[in-house]
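Data first, discussion second: the structure below is written as C-alpha cells.
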Amino acid sequence: MAARERWGTRVGLVLAMAGNAVGLGNFLRFPAQAAQNGGGAFLLPYLISFVLMGIPLLWVEWAIGRHGGQFGHHSTPGMFDRMGRYAWLKYVGVFGLFTNLTVAAYYTYLESWTLAYVWYSLKGTFRTADPAAFFGSYLGVTRDSMFALPTVALGFFVVTLALNVYILSRGLARGVELAAKIGLPMLIVFAAVLVVRGLTLGIGDPGVMESPLTGLNFVWHPDPSGLLKPTTWMAAAGQIFFTLSVGMGSIHCYASYLRQKQDIALNAASAGWLNEFVEVILGGSLLIPIATAYLGLQAVQAATMGGSGFALGFLTLPTLFNNWGALAPAAGAMWFGLLFMAGITSSLAMGQPILAFFEDEYRMSRIRAAVLFGGATFALGFLCVWLYPGGAFDEFDFWTGTFSLVVFGLLEVIAFGWIFGMERGWAEITRGADIAVPRFFRFVIRYVTPLFILVVFVGAFIQPTGGHWGAALWSLFQGEGWPFGPDSVMGRLFHVGSAEGWLDANGRVTRTAIQDGTRTVLLLVFLGIAWLVHLAWRRKAREAA
Amino acid sequence: MTWSAWLLLGVTWTIIAYFTGRFFLGVLRATEESEGNDEY
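Going down the list, the protein sequences come from chains X and Y. For any residue, its number in the working numbering is found by taking its place in the first sequence, counting from 1, and adding 9. For any residue, its number in the working numbering is found by taking its place in the second sequence, counting from 1, and adding 5.
Below, the structure is given as C-alpha cells:
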C-alpha cells in the first residue's frame, strides 16, 4: 500500500473541496438555468434542493470517504467494499472511477479552450476576429465532416493535461491543495472585479444599449407560475447535483485523507456554501448582466434559450470586452482565467481518485499513476477532439457528466442509508463534528434524498418533448404512447427525432454512428475498470490465502 | 429591476452570505482553537 498522504491544512482541504465543486457551470450554466426556469422563482426549488439533496449528499460522500480512508482505500471501489458484506458493492464503486476518468477526458479539453482563450485575449485576437467563426476554426469544424484534427486545440489540450498530471504528481498537499489555495481566491477576485465593472456599466458608456440591471432582473425577476412546473423543480435539482460535483467519487477521495476523528460536518457545509456563494452571488451577476448591457435583453434571452450560457461566454463576451478599450485584453484574460481556475481545480479532483486507485490497489508509485491517468485521459480526450463535429463531446457530457452522476448518487445514498445503515452512518457523519448536525437529517438521508434523486432520475429518463408532462400523460391515456423528448435518456438512447442510420446515402459515416460508437467505447471503459477492480480483489484474496 | 427581483436577490444573497461566512469562519475559528495548528 502506498504511504498515506494527508492534507497540509484544514483551510486547504476546504478550498480544494470548494474548488472541486466550483466549475465552469457556476458561471455559464447557473445564470441561464435560473433565467429560463422562472427567474427568482427558480431559487426556491434550488435552495430546497440544496438543503434536502445537496447538503445530505455532501455529508454522505464525506462520510463514505473518511470511513474508507481508515482502511487505506482512497477510491470508491474499496470504500464501498467496506460498507457492507456484499461482494458486489465494490462494483458500485466502479462508477466513482469511470465518471472521473471519462469526465476528465472531455472536461480537460474544455478547460484547455479557456487556457487558449486567455492567450488569445492577451494577444488581442478578438479585437479583429469574429469569435463565432474563430471558435469553429479553433475546433477544426468544417462543413459536412464528422471529424476534426485541430493542431492548435490539440496542443492546448496536451499542455492543459500535462499541467494536471504535473500538479497531481506533486502529491496532495504540494499539488492539489496548493493549486486550490492559489486558484480559488484568484477566481473570486477576478469574478468580483468583473461583476463590479459589469454592474456599473451605464447607458452613456461605449456600446452600452441597455442597463446591466435589466439582465440582472432577467435572472432574478420571479415568475411564480414556474414553481408549479415540474421542469423548474427538475432543473433546480439537476443544477444542485452538478454544481456540487456529487455523484462523481472525487469528494469521497478527498475526504479519505482525513483522520478518523477529524470533522466532516462543518468542512462539508463550508465547502458547499462557498460553492453557492460563487455560483449565485458571483456567477449570477456576471455573464447575463454584461451581455444584456451590450446586446439587449432579447438577444440574451434567445442565446440562453437552451439553459446554457456557453454561447454567450465563449462566442459573444470576447467581442463585448472590446468596448472596454485598453482594458479589453485584461478583461478577456480575467474572464477566461477565472473559468480556467474553475476548471483545473475540478479536473484535479477527477484525477486524484484514479491515482489513488492505482496507488492503493495496484501499489503503483504516484508518478507512474499520474502518467497513466494522463495517458488514459488523453486517449479518451482525443476521441472528443477528433470526433467533436460528430457529437462525441456531447455524448461524453451526457452519459458521463450527467447520467452517470445521477445513477451513482442514487446508488450511494441507498447504500449508505440502507446497507451501511443509518446508525453507523449517523455516527460517521457526527464523529468529531464541529457543528451540531440537526437530527432530522437522519430521516432526510434515509428517505427524502433517495426519493429526490429518484424523481430527478426518472424525470431525466422519460422527460417528454418540450417538458410538457401534462400533454405527455394525456397522450399516454389516449393510447398514443409516451412522447419521449430527444434530450431524455430514452430519447438519446433510441435517437428520437432522427431517422438516419450509421451510413448516409453516399456511404459516409453519420452522426448517429459516431454517437453509438462513443457509447460503445464508454461502455467498454466501464467494463474495463470493473475488470481491473476484479483483478485487484482477486490478487488480494490470493495474497491473503 | 422590479421590486420583487430586488427582494428575492436581497433575501437569497443574505442567506448565502450568512451561511458561507458562518461556516467558513467556523473552520478558521476551529483552526485557531487548536492553537493555530492547522496541520491536517
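Don't be surprised by glycine CBs; every beta carbon is placed ideally from N, CA and C.
Does chain Y have any CB closer than 8 Å to the CB of residue i?
{"i": "H230(X)", "result": "yes"}
{"i": "M10(X)", "result": "Below a pLDDT of 50, predicted positions are generally treated as unreliable, and M10(X), at 48, falls in that range; the measurement from the model is reported next regardless. Output row for M10(X): interface = no."}
{"i": "G17(X)", "result": "yes"}
{"i": "N226(X)", "result": "yes"}
{"i": "G410(X)", "result": "no"}
{"i": "S279(X)", "result": "yes"}
{"i": "V20(X)", "result": "yes"}
{"i": "I444(X)", "result": "yes"}
{"i": "V23(X)", "result": "yes"}
{"i": "G28(X)", "result": "no"}
{"i": "W282(X)", "result": "yes"}
{"i": "N276(X)", "result": "yes"}
{"i": "G87(X)", "result": "no"}
{"i": "L222(X)", "result": "yes"}
{"i": "L420(X)", "result": "no"}
{"i": "L52(X)", "result": "yes"}
{"i": "G390(X)", "result": "no"}
{"i": "G184(X)", "result": "no"}
{"i": "V255(X)", "result": "no"}
How far does the alpha helix (DSSP H) with residue i in it extend, from its first residue to its last?
{"i": "P159(X)", "result": "It is not in any alpha helix (DSSP H) - P159(X) carries neither H nor E in the DSSP assignment."}
{"i": "A311(X)", "result": "306 to 312"}
{"i": "I454(X)", "result": "Note, I454(X): premise wrong, no alpha helix (DSSP H); not H, not E."}
{"i": "E432(X)", "result": "431 to 439"}
{"i": "V16(Y)", "result": "8 to 38"}
{"i": "P140(X)", "result": "140 to 147"}
{"i": "W128(X)", "result": "103 to 132"}
{"i": "K549(X)", "result": "520 to 553"}
{"i": "W242(X)", "result": "239 to 252"}
{"i": "P362(X)", "result": "337 to 371"}
{"i": "K190(X)", "result": "187 to 208"}
{"i": "G48(X)", "result": "Note, G48(X): premise wrong, no alpha helix (DSSP H); not H, not E."}
{"i": "M499(X)", "result": "498 to 502"}
{"i": "A27(X)", "result": "19 to 30"}
{"i": "F227(X)", "result": "221 to 229"}
{"i": "W395(X)", "result": "375 to 395"}
Looking at residue i: is its Cβ nearer than 8 Å to the Cβ of residue j?
{"i": "T527(X)", "j": "H504(X)", "result": "no"}
{"i": "T108(X)", "j": "M257(X)", "result": "yes"}
{"i": "G235(X)", "j": "A41(X)", "result": "no"}
{"i": "G418(X)", "j": "L177(X)", "result": "no"}
{"i": "G293(X)", "j": "V228(X)", "result": "yes"}
{"i": "I462(X)", "j": "G434(X)", "result": "no"}
{"i": "F345(X)", "j": "S130(X)", "result": "yes"}
{"i": "R19(X)", "j": "V32(Y)", "result": "yes"}
{"i": "V185(X)", "j": "Q361(X)", "result": "yes"}
{"i": "M314(X)", "j": "Q45(X)", "result": "yes"}
{"i": "N572(X)", "j": "T117(X)", "result": "Outside the displayed range of chain X (10 to 554) lies residue 572(X), so it cannot be described from this structure."}
{"i": "A246(X)", "j": "S58(X)", "result": "yes"}
{"i": "F286(X)", "j": "I21(Y)", "result": "yes"}
{"i": "G224(X)", "j": "A340(X)", "result": "no"}
{"i": "A545(X)", "j": "E370(X)", "result": "yes"}
{"i": "G441(X)", "j": "K270(X)", "result": "yes"}
{"i": "L296(X)", "j": "F36(X)", "result": "yes"}
Go ahead and label residue i buried or exposed: buried means 16 or more other beta carbons lie within 10 angstroms of its beta carbon, across all protein chains shown.
{"i": "W408(X)", "result": "buried"}
{"i": "L16(Y)", "result": "Looking at the sequence itself, residue 16(Y) is Val, so the reference to Leu does not match. Exposed: under 16 other Cβ atoms inside 10 Å."}
{"i": "D443(X)", "result": "buried"}
{"i": "Q487(X)", "result": "exposed"}
{"i": "A342(X)", "result": "buried"}
{"i": "P215(X)", "result": "exposed"}
{"i": "L364(X)", "result": "buried"}
{"i": "N515(X)", "result": "exposed"}
{"i": "W427(X)", "result": "exposed"}
{"i": "W483(X)", "result": "exposed"}
{"i": "L119(X)", "result": "buried"}
{"i": "M10(X)", "result": "Residue confidence for M10(X) is low, a pLDDT of 48 falling below 50, so the modelled location carries little weight; the figure read from the coordinates is stated next. The residue in question, M10(X), is exposed, as its Cβ has fewer than 16 Cβ neighbours within 10 Å."}
{"i": "S279(X)", "result": "buried"}
Rounded to the nearest angstrom, how far is the Cβ of residue i from that of residue j, given a contact under 8 Å?
{"i": "S265(X)", "j": "G28(X)", "result": "Contact flag wrong, Cβ pair sits at about 17 Å."}
{"i": "A539(X)", "j": "Y100(X)", "result": "6 Å"}
{"i": "H261(X)", "j": "I73(X)", "result": "5 Å"}
{"i": "L163(X)", "j": "V394(X)", "result": "6 Å"}
{"i": "G211(X)", "j": "V202(X)", "result": "18 Å between Cβ atoms; not a contact."}
{"i": "V465(X)", "j": "F412(X)", "result": "11 Å between Cβ atoms; not a contact."}
{"i": "L267(X)", "j": "R75(X)", "result": "5 Å"}
{"i": "A114(X)", "j": "F405(X)", "result": "6 Å"}
Under a CB-based cut-off of 8 Å, is residue i close to chain X?
{"i": "T25(Y)", "result": "yes"}
{"i": "T36(Y)", "result": "yes"}
{"i": "T19(Y)", "result": "no"}
(message) Short of 7 Å Cβ to Cβ, which residues in the segment 285 to 307 of chain X face chain C?
(response) This model lacks chain C altogether, as its protein chains are X and Y.
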